[in-house]
Amino acid sequence: MHEKPDHSPIKTHFVQHKTPTWHVVVAYSILGMFTFLTIAPLIWMSYTSFKPNKQIIQNIFSLPHSLFLDNYIIAWQRGNLGVAMFNSFFYSFLATFITTFLALSTGYGLTKFPYKKFSAFFYSFFIMGLLISVHSILVPLFVMETTLNIDNTRIGILIPYIGFGLPFSIYLAVSYIRDIPKEVEDAARIDGAGYLVTFTRIIIPMSLPVTTTMIIFSFLANWNDFIFVFILISKEALRSLPVSLNAFAGGRSRDLGLLFAALVIATIPIILFYVIFRKHIVRGFAAGSIKG
Amino acid sequence: MRSELHKKLSYTILTLPAVLIYASMIVFPVLVSLILSFTKWSGFGTPSFIGLQNYITMFKDPVFLHGLRNNALIILGSLFIQIPFGFLLAYLLYRRLVNHRDFFEAMIFLPVSISAIVVAILWNQIFSPAGLFTSLIRMVLHDPRFVFPIFENKTWAISPVLVVIIWMYTGIYMIIFLANLQKISPSIIEAAIIDGARESQILFHIIAPSMIHVIFTTTIFAISGSLKSFDLIFAMTGGGPAHYTEVIAIYMYYHTFKYYKYGFGSAVSIVIVFLSLGLISMLQYIHAKLEKHYHA
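As you go down the protein sequences, you meet chains A and B in turn. If you read the first sequence in the numbering used here, its first letter stands for residue 18, the second for the next number, and so on. If you read the second sequence in the numbering used here, its first letter stands for residue 12, the second for the next number, and so on.
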């Protein structure tokens, strides 16, 4: 760990009193217990995925005797997980890219233009969306998409993803771009740049820190979405991972080895994502809470 | 003049696409839902206007009321289990009582990122009749025939779902408390320590009072989270057995997409919207009153 030990005589962050030992013991036990309860099911899932079904039924706890990789090969093929994973990446990347770009442009528009009344109205209009849950609009959305014949299409998934991603991304964009000093923008304008050039050359690069949080948060939400694809897509070729997984688990096969392998396959990308971007995910949740 | 036009045009180009997508995906559908909720419609033909009949039927339906009760239990679970635990964990990390804080934080927060569908399927294998949990109890009790009766019991069937929700989301509450704890100026705590304050005094006199607004925020999280809860329960139990674990979002789903009662389903959606707006504005009202009271 890079921090100095807590009993260091140098005042780093806190003056510490001599913490009684039992405080430390209690703290370790509580955190240790929570950590154990949190990761034990995931560890169990991981090693069970390497056991053939028969072995799982015989003893649900035991460690695998050998790495039974057939589970992975068969689950990948039978669950059509390759296609599902491609679709999940496709929906998540594209929706995240468009949401983030539109949120930044809207954030610039709402904060740096003199149409204050319009902007205030649109902003509260977007913020209201934070309180609307997906389930409140499923019926009209489904009717709308079937009427326009865009159910069972990729575009029919991307549009609601973007619509529901916008409120939070705009909230983040506005609160960040608002604080970019006017002088920076004015300097670019004096050099003869138009508003749209100022947006792409100045605002986007300067908003990089908040953009990262927006991208990561939006990606996570899209990646984990279930309901939109479940309701709007019936073609197997367009399903995303959570929907394929749900179908796989509800299917006729009672082979637990395959099921666990499918779960692990679906979890690996998000675990990697978590390892790389955890700080940003945390920041996104924290930002959501500080709005009050 | 030309530059004014240019400015207006730029403003429009920058903001209009988002406004349009948002309006067509959220504002317009909510309004359509509201209108449909006063009709009887199966998706074909013209909806026929039936006034408040859908709402009356809904509030007389014991299945709906049981769903509402389950939503309330999820909120209570968050309030009395997740928020206190979230605060406790955040506090332990914040006070630097342990090393490897980053490790603990990373592990406890991990399930938040995992898809609710994965979590549901995994926990089904834990709570299923031949699952991990039952096997564990059988081993401890040396009774190979032991079964858990609670899953088939109307009152208790929701409890495994509550366990999973606590497992999955306590990390969010921890993160929120931690972020807000870190905003407390360390100098205040240093001053208290120099004055000889004990750990308990620091907790109750300095930290707890400044956490009141966070408790309100997290309560809002809990309410909207409960009303949104669908994926996890849908993949875990599908609302069963016999609707015992249904929440209102699942009730809405069945009525709309299984029984094709679009008007009725819309009415349930509108109830979800009003419940969340109503509960949250009520909280904000109480919060404002309290703030006034303390700062008067």
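Every residue gets a Cβ at the ideal spot worked out from N, C-alpha and C, and that includes glycine.
Relative to residue 249 of chain A, the option among A:168, A:280 and A:194 whose CA is nearest is A:168. Excluding sequence positions up to five before and after residue 173 of chain B, its CB lies within less than 6 Å of the CB of 88, all in the same chain and listed in chain order. Contacts with chain A at 9 Å (Cβ-Cβ) include residue 242 of chain B. Beyond the five residues adjoining it in sequence on each side, residue 281 of chain B comes within less than 7 Å, by CB distance, of 44, 45 and 48 in the same chain, given in chain order. Annotation: the continuous alpha helix (DSSP H) that includes residue 129 of chain B extends over 127–138. Between residue 119 of chain B and the set B:277, B:182 and B:218, the nearest pair of CA atoms involves B:182.
Around the beta carbon of residue 216 of chain B, fewer than 16 other beta carbons lie within 10 angstroms, which makes this residue exposed.
Residues of the stretch 201–216 of chain B with a C-beta atom less than 8 Å from some C-beta of chain A are 201, 204, 205 and 210, listed in chain order.
Any Cβ of chain B closer than 9 Å to the Cβ of residue 212 of chain A would place that residue at the interface, and such an atom is present.
Using beta-carbon distances, residue 107 of chain A does not count as an interface residue toward chain B, since no partner is under 9 Å.
Residue contact check for residue 150 of chain A against chain B: a CB pair falls below 9 Å. Going by beta carbons, residue 239 of chain B and residue 151 of chain A fall inside the 9 Å limit.
Rounded to the nearest angstrom, the Cβ distance from residue 148 of chain A to residue 29 of chain B is 18 Å, too far for a contact under 8 Å. Remark: C-beta atoms of residue 58 of chain A and residue 67 of chain A do not approach each other more closely than 9 Å. In terms of beta-carbon proximity, residue 167 of chain B stays away from the interface with chain A, with every pair separated by 9 Å or more. Within the same chain, Cβ atoms closer than 7 Å to the Cβ of residue 191 of chain A are found at 124, 127, 128 and 140, the five residues on either side in sequence being excluded. For residue 169 of chain A, no CB of chain B lies under 9 Å from its own CB, so it is not counted at the interface with that chain.
In the three-state DSSP reduction, residue 51 of chain B falls in the strand class (E or B).
Secondary-structure assignment with DSSP links residue 59 of chain B through a beta bridge to B:51. Interface with chain B (9 Å Cβ-Cβ cutoff): residue 297 of chain A is excluded. In the displayed model, residue 280 of chain B falls within a helix according to three-state DSSP. Below the 8 Å Cβ cutoff, chain A contributes 154, 158, 176, 177, 179, 180 and 181 as neighbours of residue 36 of chain B, in chain order.
Just so you know, the alpha carbons of residue 186 of chain B and residue 44 of chain A end up roughly 17 Å apart. By the Cβ rule, the stretch 226–235 of chain B counts as touching the stretch 85–100 of chain B, because three or more pairs are nearer than 8 Å. The stretch 71–81 of chain B makes no contact with the stretch 210–227 of chain B; the number of CB pairs closer than 8 Å stays below 3. By the criterion of a C-beta distance shorter than 7 Å, residue 162 of chain A is surrounded in its chain by 168, 173 and 249, once the five residues flanking it on both sides are discounted. Counted as a single uninterrupted DSSP element, the alpha helix (DSSP H) harbouring residue 116 of chain B occupies residues 112–120. Here the alpha carbon of residue 103 of chain A sits roughly 18 Å from the alpha carbon of residue 129 of chain B. A distance below 6 Å between beta-carbons, with the five flanking residues on each side excluded, links residue 92 of chain A to the following residues of its chain, in chain order: 275, 278 and 279.
Neighbours of residue 157 of chain B in chain A, taken as residues whose beta carbon is under 8 Å from its own, are absent, since the nearest beta carbon is some 14 Å off.
Judged by pairs of C-beta atoms under 8 Å, the stretch 238–255 of chain B does not touch the stretch 203–216 of chain B, as fewer than three such pairs exist.
Residue 188 of chain A and residue 212 of chain A have their C-alpha atoms spaced approximately 21 Å apart. Each of B:304, B:272 and B:297 was checked against the Cα of residue 50 of chain B, and the nearest Cα belongs to B:272.
Here the alpha carbons of residue 69 of chain B and residue 244 of chain A stand approximately 23 Å from one another. Under the Cβ criterion of 9 Å, residue 81 of chain B is not counted among the residues facing chain A.
Per the coordinates, the alpha-carbon of residue 166 of chain A lies some 27 Å from the alpha-carbon of residue 117 of chain A.
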